[in-house]
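Residue numbers (this note's numbering): 8 to 186. Structure record follows, encoded as structure tokens.
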Amino acid sequence: MNDPGIGPVIVDEHELQTRIRELGKEITADYADGPPLLVGILKGAFMFMADLARAIDLPVEFDFMAVSSYGSATRTSGVVRIVKDLDLDLTDRHVLLVEDIVDSGLTLAYLRKNLKARHPASLEVCALLVKEGLQKTDPDLKYVGFRIPPDFVIGYGLDVDERYRNLPYVARYAGPPPG
Ligand code: IMP
Ligand code: MG
Numbered sequence: 008m009n010d011p012g013i014g015p016v017i018v019d020e021h022e023l024q025t026r027i028r029e030l031g032k033e034i035t036a037d038y039a040d041g042p043p044l045l046v047g048i049l050k051g052a053f054m055f056m057a058d059l060a061r062a063i064d065l066p067v068e069f070d071f072m073a074v075s076s077y078g079s080a081t082r083t084s085g086v087v088r089i090v091k092d093l094d095l096d097l098t099d100r101h102v103l104l105v106e107d108i109v110d111s112g113l114t115l116a117y118l119r120k121n122l123k124a125r126h127p128a129s130l131e132v133c134a135l136l137v138k139e140g141l142q143k144t145d146p147d148l149k150y151v152g153f154r155i156p157p158d159f160v161i162g163y164g165l166d167v168d169e170r171y172r173n174l175p176y177v178a179r180y181a182g183p184p185p186g
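Structure follows, in structure tokens:
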């Protein structure tokens, strides 16, 4: 795609797919005794979730949740609103939360607290991307794809005003500030 908003590639398609296969193997081994319920956070995690699930050799189940955070388009405020809740009951399930990117960690902190209150048997997090040095509290991530510099990135599910989600790689955003 030729678009001036697409900056330098941060994680290319091959690196993404190689790392996702590794994560899938780790998860397959760790959950051999009890397959996880994958909980994807829409919309950003949809592409990662689809590839990750295919790399897990276990009978996983799926659910999705959509959240929106108040604040500007490139910064979260930490106040999170559930736009679409889960369909399934989490009681006694091994829940694996699948997130696209951890920036301040505020969205994740909210989600973790919210899901814990539903009494899962276990709750772990798999985040594709973690921005270096920005988390105010320890996000306690069991599975991390890549640690990246704290720039705004697009692609592979991540958007600016709903664009760029279908890029098969992660790139730095180089366009005008989103409105
Ligand atoms: P946090 O609450 O600051 O950790 O932000 C997490 C959420 O903000 C993610 O789930 C994304 O939806 C969004 N986000 C944070 N950084 C980026 C980015 O660089 N590109 C696109 N979305 C981002
Ligand atoms: Mg977004």
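Glycine is no exception: its CB is placed at the ideal position from the N, C-alpha and C atoms.
Roughly how many angstroms separate the alpha carbons of residue i and residue j, rounded to a whole number?
i      : j      : result
Ile199 : Leu59  : Outside the displayed span of the chain (8 to 186) sits residue 199, for which this structure offers no information.
Val167 : Pro185 : 6 Å
Met72  : Leu95  : 10 Å
Arg154 : Glu22  : 13 Å
Asp147 : Ser111 : 13 Å
Leu103 : Leu130 : 6 Å
Met187 : Asp99  : What is shown of the chain runs 8 to 186, which leaves residue 187 out entirely.
Phe69  : His101 : 12 Å
Ser75  : Arg28  : 29 Å
Pro157 : Leu113 : 15 Å
Buried or exposed: which applies to residue i, given that a residue is buried once 16 or more other Cβ atoms fall within 10 Å of its Cβ?
i      : result
Ile89  : exposed
Pro43  : buried
Val132 : buried
Ala57  : exposed
Val190 : The question about residue 190 has no answer here: the residues shown for the chain are numbered 8 through 186.
Output the boundary residues of the beta strand (DSSP E) element that contains residue i.
i      : result
Tyr176 : Counting along the chain, Tyr176 falls outside any beta strand (DSSP E), and DSSP gives it neither H nor E.
Asp70  : 68-76
What is the residue span of the alpha helix (DSSP H) that residue i lies within?
i      : result
Arg100 : Note, Arg100: premise wrong, no alpha helix (DSSP H); not H, not E.
Met187 : Past the edges of the chain, shown from 8 to 186, lies residue 187, and the structure says nothing about it.
Tyr117 : 113-123
Glu131 : Careful: Glu131 lies outside any alpha helix (DSSP H), inside the beta strand (DSSP E) at 129-138.
Quick one, which of the options has its alpha-carbon nearest residue i's?
i      : options                       : result
Tyr176 : Val160, Leu130, Ala116        : Val160
Phe55  : Gly162, Ala36, Arg100         : Gly162
Asp107 : Leu115, Val46, Ala134         : Ala134
Phe53  : Arg172, Lys91, Lys120, Val102 : Arg172
Met164 : Lys120, Gly51, Leu113, Val74  : Residue identity differs from the one stated: residue 164 is Gly in this sequence, not Met. The option with the nearest alpha carbon to Gly164 is Gly51.
Arg179 : Gln24, Leu136, Arg28, Val46   : Leu136
Asn121 : Gly182, Leu97, Gln142, Arg26  : Leu97
Thr25  : Gly152, Arg119, Ser76, Ala181 : Gly152
Val46  : Ala39, Val86, Arg119, Glu139  : Arg119
Val67  : Asp158, Lys138, Gly12, Asp37  : Asp37
Lys138 : Tyr150, Val109, Glu169        : Val109
Q) Does the stretch 57-77 come within contact of the stretch 24-44, defined as at least 3 CB pairs closer than 8 Å? A) yes
Q) Is there contact between the stretch 10-22 and the stretch 121-131, where contact requires at least three CB pairs shorter than 8 Å? A) no
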